[in-house]
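Peer 1:
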Amino acid sequence: MKVIVFGATGTVGVHVVEQALAAGHEVTAFSRSADKLAHLPGVRVVRG
0 MKVIVFGATG
10 TVGVHVVEQA
20 LAAGHEVTAF
30 SRSADKLAHL
40 PGVRVVRG
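The sequence shown lines up with residues 0 to 47 when you count with numbering that gives the first Met the number 0.
1) Sorted by chain position, which residues of the same chain lie with C-beta nearer than 6 Å to Glu25's C-beta, five sequence neighbours on each side aside?
2) Comparing C-alpha positions only, which one of Gly23, Gly9, His38 and Asp34 sits nearest to Arg46?
3) Assuming Val42 contacts Val13 (C-beta within less than 8 Å), just tell me the rounded distance between them.
4) With H, G and I counted as helix, E and B as strand and the rest as coil, what does DSSP make of Ala33?
5) What is the rounded straight-line gap between the Cα of Val44 and the Cα of Leu20?
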């Protein structure tokens, strides 16, 4: 499943991204701080 997470670097958002990746989903993360997601391979990051 394709998933987009808004606020992906926030307290809850980062856990949602990690769990979605672990479940095998294709994740797009929308965040103002894209560099905070560098440790998560396979995430498409949209900065905004």
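Glycine included, C-beta positions come from ideal geometry on N, C-alpha and C.
Peer 2: Inspection of the coordinates gives the following:
1) Lys1
2) Asp34
3) Contact doesn't hold; Cβ gap of about 10 Å is too wide.
4) helix
5) 13 Å
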